[in-house]
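Chemist:
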Amino acid sequence: MATFLLYFFILTTTPSVFLYVFAQSDSADTAPAKSFPSFTPQDNYLIDCGATSPTTLPGNKNFQPDQNTAKYLSYSGKDISASASENLTVPSNIYLNAKIFTTEATYTFHATSPGLHWIRLHFLPFKYNEYDLKTVKFSVQTDTLVLLRDVQFAKDEVIIKEFIVDVTNERYAIKFQPAKGSVAFINAIEFVTVPDKLLDTSVPVLFPVSQKFDLSKSNFVTMYRLNVGGPMLDSTNDTVGRNWLPDSQFRNNATGEEVSTQPSVINYPKSGGSPLIAPPTVYSSAVKMADSETTLPNFNISWTMDIDTTYSHLIRLHFCDIISKALNELYFNVYINDKMAISGLDLSSLTNHLATAFYKDFVVDSSMVSNPLVVRVSPVNDAQGFRNAILNGVEVFRMNNSVGSLDGEYGVDGKKQSGPSKTVAYVGFAMMFGAFVGLGAMAVKWQKRPQDWQKRNSFSSWLLPLHAGDTTFMSSASRKSQFFSSTMGGLGRYFSFAELSDATRNWDPTEIIGVGGFGNVYYGELDDGTKVAVKRGNPQSEQGINEFQTEIQMLSKLRHRHLVSLIGYCDESSEMILVYEFMENGPFRDHLYGKDMPPLTWKQRLDICIGAARGLHYLHTGAATGIIHRDVKTTNILLDENFVAKMADFGLSKDGPTTDQTHVSTAVKGSFGYLDPEYFRTQQLTDKSDVFSFGVVLLEALCARPAINPALPREQVNLAEWAMQWKRKGLLDKVLDPTLVGQVNPESLKKFAEAAEKCLADYGDERPTMGDVLWNLEYALQLQEASLQGKAEDENKAVIATPVCPPIFAPAPAPAVVVSTTDNQQSRNPAEVQAVDDNSETAMFAQFAALNGR
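If you read the sequence shown in our numbering, its first letter stands for residue 31, the second for the next number, and so on.
Rendered as structure tokens:
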């Protein structure tokens, strides 16, 4: 009974009380804020411009008048020290004075050490004699950096512009430049050393790949600093003099509830944590999910902030679990502009304690997203029990552009920014190679590559899942034992390790055609001359096991002409090896762009798209619940020696929803540029997510360019958006691959583009099924063939105007499919098989209505 009462007391104790008790427990890896040393900046110049005597502010900030610091000010114009009227209400006395400049003026500071420094410029435009400071225009810059360009302050309110600049010289100059016919002014200046721990030099890029961005030479201007769920915090509440605004004006209040606890209970990790990152008053308040009075809340909390999309931004998010009563209760997702920033954030696993500060930085290339910037938190769909999400603080910093400007497109030398920013270029590089994550080890063996490596398409991603690393793994040995015992029954031929060693020339490094998180893929030839691809797991690897198992499970129960076939396996000793058919012509993408290969004809592209559509249609309809591929892209469409297309890489595949479900709830996975926006927003996966990705594939086939190319002008970066803009204008020839000009029948092109457009609808309900897509692609091919073969006029009319031709996406029956391990064909009568498999598209079109539904 006593135990029950104690348990009941713990469960009913308010979070703040419980957290206080929890926080007082002895911990070797966390500490309260007071245990961290205070920060004393090496450079701490505080200038009260236009003042005649020092001004001391709360927090012992002592501003010196610039009359006493004349050695810092270089100015040849009329020296005007202005004073505000006595009845002006100001938050601090530093705003009662100002220095006005009629020509360029420079403040120069001696930096005792290089590194990051804060520059805070304080402005309060008031009227002084003939100068109305609300009407003036001026710029502020350093020797290498534009801080403010043609700034104007229309309201008589305090404005603080805060910058973080990289100081590399002993003398650092800040120049005030009045516009023609105007003056410049400044009320106060701070030039202060930034703590070393404040910013990491290497920060992950949000999207499309989790690569690192080097911040060591970047400069910043603070755009937003929000104390989420709490009040306004001024410099007296922050040991390094920052101001934190309340978040209420930026928040969707309907879905958030403010919570708070005592700042004294907040702890910081001793490793990598510090109150200098954010004070405990920030972490002691938060916004959590409001009570929706439902069992499973499905909404989120969002904050919206206007940004300039011509700049890259550094986003810092602050978290501290002040709402849980025990560890491992809180799991939630974090999004930035509808892109997954953190999936399944578990503060318990990161800090091992409640009420412990945690922050996360991201570099966001704002040219890749739209204004405004939106930060969202939402519960994980499959979280058990406690479903909530929190945020404690947000900071948004604009980063300088390529010409060294934080405001405007011109640098200090008048040079105008052109082309993508350095972040765009960086992300572009990352995207070009991000699709081949895990293949980097090929560089080590590059000099040992076989002479015919090009024929073998060695950089294909066609057999190895490349999306590992974001799941929790059991040990390799236990997982292998458990897995093989339950699934190997249907994997086809058993190979001995000796057989596969002979096939790969004793695992010769020159035979490697792919490298990934799970291990190497080797080219091999069996005793009977069959060419194979051999995927050999690395026993030391903990990466890719889940995706690898998924691929095995899928391929062991699937057989189809347009799916890559699994031939067999080997599980001797600790080995885990799978053997696949070898795809002679590699991925579809290599034949569209990026490789020096002959261009495909329009008919070849249609045949390949139709083959891929057949494979996907089979996946969606050929099993009891259907299968969703979840990573449809041109690198996962492989071509055999006859250019027959086959879908590959089933590492991300999921069983479709059951008959009483409409979707599968799962974490967002896939490839940038192909992701279904509805799946990304809702984490609800359907077969229509594959349809969206296939729409992007169709446009790649049409335009012969990547889904995302950040090196292009902004309006052309995203292939789907760019191509659809021209399609709606009726000018598809503007995006057509130049090698196709003159060989594409206009009606075929129109039907093909209509299919792509329907696939790319924003909502899944508006998209066709893969059966509908297949129908229309067959129709587009029929139109093309009729044009090329010069059929008789009556036959041509029969093809184009036949009554069985559906309007776009008229419902088409799904073909009946019988899963077989011995027959790769769908179960049809011989005439039907020949009509489809011989690619006699006219016959196929005529027979389509005869196919039975699943």
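Where is the CB? At the ideal position from N, CA and C, for every residue including glycine.
The structure displayed is predicted, hence computed values, not measured ones.
To the nearest angstrom, how far is the alpha carbon of A753 from that of F168?
Modeler: Rounded to whole angstroms, A753 to F168 spans 43 Å at the Cα level.
Chemist: Does W274 come out as helix, strand or coil in the three-state DSSP assignment?
Modeler: strand
Chemist: Give the C-beta separation of S408 and F362 to the nearest angstrom, bearing in mind that I take them to be a contact with Cβ-Cβ under 8 Å.
Modeler: 6 Å
Chemist: Go ahead and pull the three-state DSSP assignment for C600.
Modeler: strand
Chemist: Measure the Cβ-Cβ separation of L804 and I657 and say whether it is below 9 Å.
Modeler: Taking a C-beta distance under 9 Å as the contact criterion, L804 and I657 do not qualify as a contact pair.
Chemist: Is I542 closer than 9 Å to P617 when the C-beta atoms are compared?
Modeler: no
Chemist: Over what stretch of residues does the alpha helix (DSSP H) that includes Y313 continue unbroken?
Modeler: P310 to Y313
Chemist: Measure the beta-carbon distance from L646 to D720 and round it to whole angstroms, keeping in mind my assumption that it falls under 8 Å.
Modeler: 6 Å
Chemist: Evaluate Y524 with the Cβ neighbour count: other Cβ atoms within 10 Å of its Cβ, from every protein chain shown; 16 or more gives buried, anything less gives exposed.
Modeler: exposed
Chemist: Distance, Cα to Cα, H383 vs S314?
Modeler: 14 Å
Chemist: Restricting to Cα atoms, I'd like to know which of N401, P402, P234 and K446 is closest to A371.
Modeler: P234
Chemist: Hey, out of L807, D601 and D244, whose CA is closest to N568's CA?
Modeler: Cα-wise, what sits closest to N568 is D601.
Chemist: State the CB to CB distance for the pair L347 and V364, rounded to an integer number of angstroms; the pair is presumed to be in contact (CB under 8 Å).
Modeler: So it is a contact: roughly 7 Å between Cβ atoms.
Chemist: Since I149 sits in a beta bridge, which residues does DSSP pair it with?
Modeler: Per DSSP, the beta bridge partners of I149 are F193 and F221.
Chemist: Considering only DSSP beta bridges, list what L395 is partnered with.
Modeler: According to the sequence provided, residue 395 is Asp. The question's Leu does not apply to it. Beta-bridge pairing links D395 to S342.
Chemist: Between which two residues does the alpha helix (DSSP H) holding I638 run?
Modeler: W632 to T651
Chemist: What is the rounded straight-line gap between the Cα of L256 and the Cα of P208?
Modeler: 32 Å
Chemist: Below 8 Å, how does it come out for the segment 72-88 and the segment 210-222: are there three or more Cβ pairs, yes or no?
Modeler: By the Cβ rule, the segment 72-88 counts as touching the segment 210-222, because three or more pairs are nearer than 8 Å.
Chemist: What are the boundary residues of the alpha helix (DSSP H) that E671 is part of?
Modeler: Taken as a continuous stretch (DSSP letters only), E671 belongs to no alpha helix (DSSP H), as it is neither H nor E.
Chemist: Which of helix, strand or coil does DSSP assign to Y102?
Modeler: helix
Chemist: On the CB-based measure, 16 or more other CB atoms within 10 Å of its CB, does P45 come out buried or exposed?
Modeler: With a pLDDT of 38 at P45, under the threshold of 50, the modelled position of that residue is not reliable, and the figure given next carries that caveat. Burial call: buried.
Chemist: For M754, which of helix, strand or coil comes out of DSSP?
Modeler: Helix, per DSSP.
Chemist: Just to confirm before moving on: does the CB-CB distance between D73 and H140 stay below 9 Å?
Modeler: Between D73 and H140, the C-beta spacing is below 9 Å.
Chemist: Please classify R635: is it buried, with 16 or more other beta-carbons within 10 angstroms of its beta-carbon, or exposed?
Modeler: buried
Chemist: Check this for me: beta carbons of F612 and Y553, under 9 Å apart or not?
Modeler: A contact, by the Cβ cut-off of 9 Å.
Chemist: Curious, which full-length beta strand (DSSP E) runs of at least 3 residues does the segment 119-150 contain?
Modeler: 127-131 and 135-140
Chemist: Does the contact criterion of 3 or more C-beta pairs under 8 Å hold for the segment 113-130 versus the segment 144-158?
Modeler: With a cut-off of 8 Å on Cβ pairs, the segment 113-130 is in contact with the segment 144-158, counting three or more such pairs.
Chemist: Could you say which of L146, D96 and N159 lies nearest to T136 if we only look at CA atoms?
Modeler: Per the Cα distances, D96.
Chemist: Taking 9 Å as the cut-off, decide whether the C-beta atoms of N297 and P62 are in contact.
Modeler: Contact flag set, yes.
Chemist: Quick one: any contact between the segment 736-743 and the segment 674-682, if contact means 3 or more CB pairs under 8 Å?
Modeler: no
Chemist: Whose C-beta lies closer than 8 Å to the C-beta of H915 among residues of the same chain, with five residues either side of it excluded?
Modeler: This structure leaves residue 915 out entirely; the chain is present only between 31 and 884.
Chemist: In terms of alpha-carbon separation, which member of C733, I216, T198 and D336 lies closest to D173?
Modeler: T198
Chemist: What's the gap between the Cα of A419 and the Cα of V410?
Modeler: 9 Å
Chemist: Can you give the Cα-Cα distance for S723 and C789, rounded to whole angstroms?
Modeler: 8 Å
Chemist: At 4 residues or longer, what runs of the alpha helix (DSSP H) sit wholly inside the segment 709-739?
Modeler: Entirely contained in the segment 709-739, the alpha helix (DSSP H) runs reaching 4 residues are, in chain order, 717-733.
Chemist: Mind the definition here: the segment 265-279 touches the segment 430-441 only if three or more C-beta pairs lie below 8 Å; say whether that holds.
Modeler: no
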